[in-house]
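Residue numbers (UniProt numbering): 1 to 421.
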C-alpha cells in the first residue's frame, strides 16, 4: 500500500526544477530529505543543499560533482533528473511533495493505531499518538507566519500582477485596463442572456496574447469548434487549451494546477451546475459552496483569473441579489460578479413587450479590483455572437432607425442558435 503513496515523477521533476532554475532558497526552509522516497533522490537533494550552503551556482554538472563525493552510485538517477523539464512554480510542487509525504506518514499512523488498539491500549493513549503525529505533519510544512517587514520586502521584489485586457471595451473601461490576476469572477445572468457568449468572447480575446484554459462542460467540443469556424472567430489556436472531460471538482482543480505550473493564468469554466463534487458528503449547500471556495483559493494562491459561469438562485432573483444557486457563500468568495440582464421594453400602457433578443444590461454588482459598481446597456451581435457597447463613448443614443450591426447582406434578425448561453 505505502509504495502507492509515492510520486517518483514529481520528485524527479522537482529536483530538476531546483537545479535548472538555480532557485533553492525559496523552498529551502520547507523541503526535507524525508519528503523523498528514493535514496538517490534524497542524496541529490543533499548535494543541492551542500552547494547552496557554499553559495555555489546550481547545475547538473555541479550537482554531479558534489554527488560523486557523497555516493557515485546515485549518478544514474541524476541523469534521469536532468532529462526532466523545469516547472515555473517551485512552491506549488514543494507543497505537493510534502502532501505525498504526509499521506505516507498518515498511513504509518493508521498501522500504529491498529497496533495500539490490538494491544488494548487506552483511547487517551491512542489519541495522544494521533495528536503527536499530526503536529509533526504541520511542522513539516513549516510556519506560514511572516513579519510585516518580511512580507513588504517579498512583495516589493515580486513582479507586478499581470493585467489581462479582455478586448471588450465596456469591461476594460470600468476596470481601467483589464482584469488583474488573482480573482474568481462569477459570470451570472438571466436564463439565456448570454453568459457563455460573454465569457468565451473574453476568453478568445485573452487567448490572442496569453495561454488560456477552457472547460466547456455545457456543450461538446465539436459543437464549440464548429460554431467558431462558422463565425470565423479570431482565436489563437495554440494558446487555447480545452478540457473535454473530468467533471468532478477534484479533476477541475487538478487540471488548473497543472495549467498554472506551465505558466497559464486565465481559466474559464462553463458552468457551476455541470461541475460535480462527489467527494463532499455534506449538505447540498456545502457541496456547492466548496466549488467556489476551492476555485477562489486557487485564483488567489496561483494568481489566476478564473471566470466561473454560475446559475442564479431563484429566491435571490426575487430579492434582486446576485447569489449562485444553492450557496450564499459562493457570492462571498468571488472577487467580481458580472450579471447580464435581459431587457424588457414597455408599451406606453406599461405592459411588457417581448424581451428584445439583442439588448442586454450588464451589471457589475461586486468588484474588489477597484470598488466600482457599474451598469451599461450592451447589444448582442447575432451574426458574430459577440457583445458590443450599446452607445459609443462620447455619443448619445443611436437613432431608432439606425442599424447597430452590418451583416454583409445577411438577415440581421437571424435567430440565435440554441446554445447554453
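All residues carry an ideal CB built from backbone N, CA and C; glycine is no exception.
Being a predicted model, the structure only gives us computed values, none of them experimental.
Span separating the alpha-carbon of residue 304 from that of residue 260: Taking the chain shown and counting its residues from 1, one reaches residue 304 at position 304. Taking the chain shown and counting its residues from 1, one reaches residue 260 at position 260. Approximately 8 Å, taken between the alpha carbons.
Just mark residue 2 as buried or exposed, buried being the case when its beta carbon has 16 or more other beta carbons within 10 Å. Along the chain shown, one-based indexing puts residue 2 at 2. Exposed.
Beta-carbon proximity check, residue 19 vs residue 63, cutoff 7 Å: Counting from 1 along the chain shown, the entry for residue 19 is found at position 19. Counting from 1 along the chain shown, the entry for residue 63 is found at position 63. Closer than 7 Å, so yes.
Following the continuous alpha helix (DSSP H) through residue 422, name the residue where it begins and the one where it ends. The shown model of the chain, from 1 to 421, leaves out residue 422, and the question about it has no answer.
Boundaries of the beta strand (DSSP E) in which residue 339 is found, first to last residue: Here residue 339 corresponds to residue number 339 of the chain shown, with the count starting at 1. That run of the beta strand (DSSP E) goes 336 to 342.
Around the C-beta of residue 175, are 16 or more other C-beta atoms found within 10 angstroms, so that it is buried, or is it exposed? Position 175 of the chain shown, counting from 1, holds the residue named residue 175. Classification of residue 175: buried, given that the 10 Å Cβ count is 16 or more.
Which residues in the same chain as residue 206 place their Cβ atom closer than 7 Å to its Cβ, once the five residues preceding and following it in sequence are excluded? Position 206 of the chain shown, counting from 1, holds the residue named residue 206. Once the five neighbours on either side are set aside, the close Cβ partners of residue 206 are 164, 166, 212 and 266.
Following the continuous alpha helix (DSSP H) through residue 279, name the residue where it begins and the one where it ends. As a first step, residue 279 must be located in the chain shown, where it is residue number 279. No alpha helix (DSSP H) contains residue 279, which DSSP labels as neither H nor E.
Taking the straight line between their C-alpha atoms, what separation do you get for residue 194 and residue 173? Locating residue 194 in the chain shown gives position 194, where the first residue counts as 1. Locating residue 173 in the chain shown gives position 173, where the first residue counts as 1. When rounded, the separation of the alpha-carbon atoms in residue 194 and residue 173 is 20 Å.
How about the region 293 to 309 and the region 357 to 367: do they share at least three Cβ pairs that are nearer than 8 Å? no
To the nearest angstrom, how far is the alpha carbon of residue 327 from that of residue 67? Here residue 327 refers to the residue found at position 327 when the chain shown is read from its first residue. Here residue 67 refers to the residue found at position 67 when the chain shown is read from its first residue. It is roughly 54 Å from the alpha-carbon of residue 327 to the alpha-carbon of residue 67.
Using the Cα positions of residue 103 and residue 210, report the straight-line distance between them to the nearest angstrom. As a position in the chain shown, residue 103 is number 103, starting the count at 1. As a position in the chain shown, residue 210 is number 210, starting the count at 1. Those two C-alpha atoms are separated by around 36 Å.
Roughly how many angstroms lie between the CA atoms of residue 23 and residue 339, to the nearest whole one? Residue numbering aside, residue 23 sits at position 23 when the chain shown is read from its first letter. Residue numbering aside, residue 339 sits at position 339 when the chain shown is read from its first letter. Approximately 43 Å, taken between the alpha carbons.
Closer than 8 Å is the cut-off here; do at least three beta carbon pairs connect the region 278 to 296 with the region 115 to 127? As far as the Cβ criterion goes, the region 278 to 296 does not touch the region 115 to 127, which means the pair count is below three.
Cβ shell of residue 73 (< 6 Å), same chain only, five flanking positions each side left out: Against the chain shown, residue 73 aligns to sequence position 73. Closer than 6 Å at the Cβ level, and outside the excluded window around residue 73, lies no residue.
At the 7 Å Cβ level, is residue 286 part of the contact set with chain B, yes or no? You won't find chain B in this structure, because it holds only one protein chain.
In its own chain, which residues sit with a C-beta less than 7 Å from the C-beta of residue 233, not counting the 5 before and 5 after it? Counting from 1 along the chain shown, the entry for residue 233 is found at position 233. Within the same chain, residue 233 has close Cβ partners 204.
What's the gap between the Cα of residue 112 and the Cα of residue 131? The residue labelled residue 112 in the question sits at position 112 within the chain shown. The residue labelled residue 131 in the question sits at position 131 within the chain shown. Answer to the nearest angstrom: the Cα atoms are 13 Å apart.
Report all residues from its chain with a CB closer than 7 Å to the CB of residue 6; omit the five preceding and five following residues, and keep chain order. In the chain shown, residue 6 corresponds to position 6, counting from 1. For residue 6, where only same-chain residues beyond five positions count, the Cβ hits under 7 Å are 37 and 100.
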